[in-house]
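Heads up: the sequence shown runs through residues 380 to 1057, numbered per the working numbering.
All residues carry an ideal CB built from backbone N, CA and C; glycine is no exception.
The structure displayed is predicted, hence computed values, not measured ones.
Before any comments, here is the structure.
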Amino acid sequence: MASAGVPDNCPVIPQVASFSPKGDATVCLSPGSNYYLEISGSKEGADVFRAYLAGCELKLAPAARKSSAKLRFQIGGKSISGVSGAYRIEAGKKGIVASAADFTGAFYALQTLIQLAAANPENAIPYCVIEDAPRYAYRGLLFDMVRHFHSKDFILKQLDMMALLKMNVLHLHLTDNEGWRIALDCAPEMTKKAAFGDSLYFHTILSPTPLKFQDEPRGYKSGTLYEEGGVYGGYYSKEDLKEIISYAAARHIEVIPEIEIPGHNKALLYVHPEFFCDGAHRVDNVFCPGNEAAFDFFYKVLDEVMELFPSKFMHIGGDEAAKYNWNLCSRCKERMAAEGLKDVFELQSYCIRRMDKFIVSRGKKLIGWDEILEGGLSENATVMSWRGTQGGLKAIQMNHDVIMTPNTFHYLDYCQDAPWKEPVAFNSCLTLERVYSYEPEAEIPDNRSRLLGVQGNLWSECIMTDSHFEYMLYPRTFAIAETAWSPRGSKDYPQFRSRAIALCGQLGRKGYTCFDLSTEVGERPQAKVEIPRITQNAHAVIYIGNDVQGKEAPSLVDGYLGGWSLRGKTAWMDIRRYAVTVDIDLGEIKDVHYVGAEFVDYKLRRFFAPQDTEFYLSEDGVNYELADIPQLRLYPDRKYFAILTVGGTVQARARYVRLRYNTGSPKYRTFISEVIVN
Ligand code: ACM
Ligand code: ZN
């Protein structure tokens, strides 16, 4: 039943667990309204909460007496129990009563009221009862502040939004190949020498010239973005980080730092070349786990970082370490022999175990990306599952805590709509609907208590400006917040989408940039319907490289073209080798008027459409004739992401169609969705 402009569902994100409207009347919670705090038990947190109430957008003022308050908070009473953050709101004739077992619950009740007031004319809160509690204890976002630096003030601004969405973890990615963004007393050289570069990192991913580090420019002010005279970058001082941590804490958000070990370390190796491996195939972004001095360096770094961040977690990365040289490096070989490690995976695991032991000795817990499962999972580790969900599922079976942040649903650096209309993105494509569709427990039959929660990751390779960063965050972060908070089974995408449009409107008025859902194109229309073709009963076999056996390739004749996303269950075939032949048997001789094939061209990822496609036709499967159709011609200024059809008309009778192409280089990949015959 709708009342006072409020739809049946409560117009807030994340959706509340239960909402019962009580008639048509409303109570107005306007800026300057007064409140009263009734606290039973510990008063710790009361001052911070009062300061927040005064500073929040409703600018609430303390009431002299309980009876005169528009909004009463009852904190620590017996009325609400259970998980931290749970709350109850009752709005009626006597005003609004928000009860919670702790200040976290009271804070979330306030966030619900702020959204409700903003959603209704004249800040009218409908008479209602709301009961609400978080589904997961961990509701996170990762900000990559390395690939492109964003200022301290920018982070503070996003913390306000995270609070509004009841998210409670900010994971800060602070070190990587492209820079070292945390100033430490134990390693001041790192930010002096490797926090600035000669260009935006984005320019260097598309060009053969690598990024060159520059020394810290004179007069640089920490926590701000520096962009002058061809020098670009920045870092946070410990004071900046303390400010971020305390601003976050006032919003019930924990900040988890990440220091990458052992890979993603070009910046470290630039400053400390003594940590390089030797060996014939020395890689430039992984330190030598045979070198004790490198461990000593990281022990000092982690010690200082853990002291600075109150979080019980310390994230040590662990992802994408190129290990192949470790078999060739003299120190690594010595280490493997001395420790009885049978391969390089066990050497990586050895490295993580040492960090784990060190972190535990300081009373904290290690988190690592799912690669830390390789070579044996360290005893106390919490796993962050990013390569889909498999790593997380495996770790749960092994009785480890897990945070799900699958790139198949939660990578906010992937583009969010038809790639031809979007800014360049690291991958394509995760729409709002796709992000919202994630159900973390769908694949977890038991041991669910090991799933601490979920997180969205925003890597910033392609994201140079603050407004672009926000554009990638909102509204998709709304979907992640709802997955993390609202009860399982409460999702309804069309209804969520309308709440998201309304909340984007509110964000816009507060000075945030959001993706405009009203212009959303959505999934590629051509991928939704079966195309006309004469390959209904055809049989397709693909030969890749030197393979003479061939492999069945039914998806190339199934009548469905690929969508914007190249990941997951899509129609794209991902081919990583040089020469490709596809043989199609139509089953009988037919009139053929058209042959073509569809490819992706995605320069940023080095997925190229082939330039030398050839089609052959045959009646008997022995004698093939080359079809005279145009070759694909690509131009350097083409859009960064394109789906290209190579093909043309023919006049022939044929039972067999053969497509041949080369990728242009063994390094490149091709994505093909369909061989179209008509
Ligand atoms: C990752 O995206 N490499 C964690
Ligand atoms: Zn080594």
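Using the C-alpha atoms, what's the distance from residue j back to residue i?
i       : j       : result
Ala574  : Lys422  : 42 Å
Gly1000 : Ala1021 : 33 Å
Arg827  : Arg630  : 27 Å
Pro386  : Ala498  : Reliability of the predicted coordinates at Pro386 is poor, the pLDDT of 45 falling under 50, and the value obtained from them is presented with this limitation in mind. Distance between the alpha carbons of Pro386 and Ala498 is about 11 Å.
Trp864  : Ala717  : 48 Å
Phe737  : Tyr678  : 7 Å
Gly456  : Ala480  : 6 Å
Ser807  : Ala919  : 27 Å
Gln905  : Glu1053 : 12 Å
Gly901  : Leu945  : 15 Å
Trp559  : Met569  : 6 Å
Val395  : Glu557  : 41 Å
Asn670  : Asp657  : 11 Å
His779  : Ile751  : 12 Å
Ala477  : Thr491  : 10 Å
Met380  : Thr892  : With a pLDDT of only 37 at Met380, under the threshold of 50, the placement of this residue in the model should not be trusted, and no figure is reported.
Tyr850  : Phe522  : 13 Å
Val936  : Val1056 : 9 Å
Which residue comes first and which comes last in the beta strand (DSSP E) that contains residue i?
i       : result
Phe978  : Ala958 to Tyr981
Arg467  : Tyr466 to Gly471
Val1029 : Phe1020 to Asn1041
Thr1049 : Thr1049 to Val1056
Asp953  : Met952 to Ile954
Asp511  : Ala503 to Asp511
Ile561  : Neither: Ile561 is in no beta strand (DSSP E) and is coded neither H nor E.
Leu450  : Leu450 to Ile454
Tyr1003 : Here Tyr1003 belongs to no beta strand (DSSP E), and DSSP marks it neither H nor E.
Thr992  : Where Thr992 is concerned, there is no enclosing beta strand (DSSP E), given that its DSSP letter is neither H nor E.
Glu417  : Asn413 to Ile418
Tyr611  : Val610 to Gly612
Val762  : Thr761 to Ser764
Tyr605  : Tyr605 to Glu607
With DSSP collapsed to three states, give me the class of residue i.
i       : result
His582  : helix
Asp594  : coil
His327  : Residue 327 cannot be examined here, being either before or after the span of the chain that is shown, 380 to 1057.
Val936  : helix
Pro567  : helix
Phe654  : helix
Phe434  : The amino acid occupying residue 434 in the given sequence is Gly; Phe does not appear at that position. Helix, per DSSP.
Met851  : helix
Pro878  : A small fix is needed here, since residue 878 is Arg in this sequence, not Pro. In this structure, Arg878 counts as helix in the three-state DSSP scheme.
Trp838  : coil
Cys407  : strand
Ala479  : strand
Tyr517  : strand
Ile782  : strand
Lys889  : coil
Tyr649  : helix
Pro441  : strand
Cys794  : strand
Pro400  : strand
Val803  : coil
Ser1044 : coil
Gly755  : coil
Assuming residue i is part of the alpha helix (DSSP H), what are its boundary residues?
i      : result
His552 : Unbroken run through His552 is the beta strand (DSSP E), Val548 to His552; no alpha helix (DSSP H).
Val814 : Leu811 to Tyr815
Ile638 : Looking at the DSSP string, Ile638 is not in any alpha helix (DSSP H); the run it does join, the beta strand (DSSP E), is Glu633 to Ile640.
Lys536 : Lys531 to Leu543
Glu861 : Arg855 to Trp864
Phe486 : Phe482 to Ala498
Asp619 : Lys617 to Ala629
Ile775 : Gln769 to Gln776
Answer yes or no: the CB of residue i versus the heavy atoms of the ligand PLP, is any distance below 7 Å?
i      : result
Trp705 : Ligands present in the displayed structure are limited to the ligand ACM and the ligand ZN, and the ligand PLP is not among them.
What runs of the beta strand (DSSP E), each 3 residues or longer, lie entirely inside the region 671 to 723? Listed in chain order, the complete beta strand (DSSP E) runs (minimum 3 residues) inside the region 671 to 723 are 692 to 696.
Pair every Cβ in the region 805 to 823 with every Cβ in the region 963 to 973, then say whether three or more of these pairs are closer than 8 Å. Touching, no.
May I have a chain-ordered list of the beta strand (DSSP E) segments no shorter than 3 residues that lie completely inside the region 719 to 753? Counting only runs of 3 or more, we get 744 to 748.
Completely contained beta strand (DSSP E) runs for the region 901 to 937, where each covers 3 or more residues: The qualifying runs are 918 to 923.
Validate contact between the region 504 to 515 and the region 526 to 538 using beta carbons, cut 8 Å, 3 pairs: With the cut-off at 8 Å, the region 504 to 515 and the region 526 to 538 do not touch.
Using a Cβ distance threshold of 8 Å, determine whether the region 638 to 650 contacts the region 693 to 701, with at least three qualifying pairs required. Touching, per the Cβ criterion.
For the region 647 to 667 and the region 685 to 694, state whether three or more C-beta atom pairs, one from each stretch, are separated by less than 8 Å. Proximity of the region 647 to 667 to the region 685 to 694 falls short of the contact definition, fewer than three beta-carbon pairs being nearer than 8 Å.
If contact is defined by three or more beta carbon pairs under 8 Å, each pair taking one atom from either stretch, is the region 839 to 853 in contact with the region 481 to 489? With a cut-off of 8 Å on Cβ pairs, the region 481 to 489 is not in contact with the region 839 to 853, counting fewer than three such pairs.
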